[in-house]
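*Asks:* Line order of the protein sequences matches chains H and Y.
Okay, so the first sequence: first residue is 1 according to the working numbering, each after it adds one.
Okay, so the second sequence: first residue is 1001 according to the working numbering, each after it adds one.
The following block contains the structure, expressed as structure tokens.
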Amino acid sequence: AQSVTQLGSHVSVSEGALVLLRCNYSSSVPPYLFWYVQYPNQGLQLLLKYTSAATLVKGINGFEAEFKKSETSFHLTKPSAHMSDAAEYFCAVTSRGSTLGRLYFGRGTQLTVWP
Amino acid sequence: ETGVTQSPTHLIKTRGQQVTLRCSSQSGHNTVSWYQQALGQGPQFIFQYYREEENGRGNFPPRFSGLQFPNYSSELNVNALELDDSALYLCASSFPGRSSTDTQYFGPGTRLTVL
Chain H
1 AQSVTQLGSH
11 VSVSEGALVL
21 LRCNYSSSVP
31 PYLFWYVQYP
41 NQGLQLLLKY
51 TSAATLVKGI
61 NGFEAEFKKS
71 ETSFHLTKPS
81 AHMSDAAEYF
91 CAVTSRGSTL
101 GRLYFGRGTQ
111 LTVWP
Chain Y
1001 ETGVTQSPTH
1011 LIKTRGQQVT
1021 LRCSSQSGHN
1031 TVSWYQQALG
1041 QGPQFIFQYY
1051 REEENGRGNF
1061 PPRFSGLQFP
1071 NYSSELNVNA
1081 LELDDSALYL
1091 CASSFPGRSS
1101 TDTQYFGPGT
1111 RLTVL
């Protein structure tokens, strides 16, 4: 069964500081991995996805994530936080080779950015 | 290009009632997935429809049912509502819908409150 664990339900950073949101996955084979962002009263928006051999994935809004098989991790980073980054972030996993696009989500990490 | 839309935005029902939620997929998308997001949790997969057929189902009881129409819009029906059904219901569409790498585009959700 697929699952992801997001360490830290709340993360607070100052504007301009590094953002690091942690995600670890559990899967018998390397899965496909996704990061989504959810702003208040809105649906989920895809930030980036890992589906290939390129382990460093660049996404929108300056975010990137690195797939580390040895650590079963897919942490999300951004070098410099902006006030507009305040939102909830979800890591998700799906099975490689499946025709069913079922996403398994983590519980989410709420990012607060202080001025 | 019109994104994924959902109606209604908010809904209040009482225990035992039935509810129908609606989703219009993004133009050209033939696959619709439904997720339930309880407060403070990540979205949980309910089921997916591909070309009007159910393509997979999560761990939800039969009182959760769905339909997909020839224009690929979709409905989620919930019978015999329970208090625990209170949640944000998200619809996501994708194309061509036969790979787990397909990006799923989420609507803003319907907030259901069961009293």
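Virtual Cβ for every residue (Gly too), placed ideally from N, Cα, C.
Compare the C-beta of TYR25/H against all C-beta atoms of chain Y and say whether one is closer than 8 angstroms.
*Replies:* No, TYR25/H lies away from the interface with chain Y (no Cβ there is under 8 angstroms from its Cβ).
*Asks:* Might you give, ordered along the chain, the residues of its own chain that have their beta carbon closer than 8 angstroms to the beta carbon of VAL13/H, omitting 5 neighbours on each side?
*Replies:* Same-chain partners within the cutoff: VAL19, ALA81, LEU111, THR112, VAL113 and TRP114.
*Asks:* Quick check: what's the CA-CA separation for PRO79/H versus GLY16/H?
*Replies:* So the alpha carbons of these two residues sit roughly 8 angstroms apart.
*Asks:* At what residues does the beta strand (DSSP E) containing TYR1050/Y begin and finish?
*Replies:* First-last of the beta strand (DSSP E) with TYR1050/Y: 1044-1050.
*Asks:* Rounded to whole angstroms, what's the CA-CA distance from SER52/H to GLY1107/Y? Just pull it up for me.
*Replies:* C-alpha separation (whole angstroms): 27 angstroms.
*Asks:* Note down, one range per segment and in chain order, each beta strand (DSSP E) of at least 3 residues found wholly within the segment 27-66 of chain H.
*Replies:* Taking only runs of at least 3 residues, the beta strand (DSSP E) segments lying wholly in the segment 27-66 of chain H are 32-38, 44-50 and 56-58.
*Asks:* Could you tell me the alpha carbon to alpha carbon distance between TYR36/H and CYS91/H, rounded to whole angstroms?
*Replies:* The alpha-carbon atoms of TYR36/H and CYS91/H are separated by roughly 6 angstroms.
*Asks:* Relative to the C-alpha of PRO1061/Y, which candidate in PHE1045/Y, ARG1051/Y and THR1103/Y has its C-alpha closest?
*Replies:* Considering only alpha carbons, the answer is PHE1045/Y.
*Asks:* Cutting at 6 angstroms between CB atoms, please list the residues of its own chain near GLY108/H, excluding the five before and the five after it.
*Replies:* For GLY108/H, where only same-chain residues beyond five positions count, the Cβ hits under 6 angstroms are GLU88 and PHE90.
*Asks:* So with Cβ pairs under 8 angstroms, would you call PRO1108/Y a contact of chain H?
*Replies:* Closer than 8 angstroms: yes.
*Asks:* Which ranges would you report for the beta strand (DSSP E) in the segment 1031-1094 of chain Y if only whole runs of at least 3 residues count?
*Replies:* Segments of the beta strand (DSSP E) lying fully in the segment 1031-1094 of chain Y: 1031-1037, 1044-1050, 1053-1057, 1064-1068, 1074-1078 and 1087-1094.
*Asks:* Determine the closest residue to GLY1042/Y out of THR1113/Y, TYR1089/Y and LEU1112/Y, with distance taken between C-alpha atoms.
*Replies:* Nearest option by C-alpha distance: TYR1089/Y.
*Asks:* For a cutoff of 8 angstroms on Cβ pairs, would you count THR51/H as touching chain Y?
*Replies:* For THR51/H, the answer is yes, since a Cβ of chain Y falls inside 8 angstroms of its Cβ.
*Asks:* Between the beta-carbon of GLN2/H and the beta-carbon of SER95/H, is there less than 8 angstroms?
*Replies:* It is a contact, given that the beta carbons lie within the stated cut-off.
*Asks:* Indicate whether at least one CB of chain Y lies closer than 8 angstroms to the CB of GLN42/H.
*Replies:* Answer yes: the Cβ-Cβ gap between GLN42/H and chain Y drops below 8 angstroms somewhere.
*Asks:* Going by DSSP in three states, SER84/H sits in which element: helix, strand or coil?
*Replies:* It is helical.
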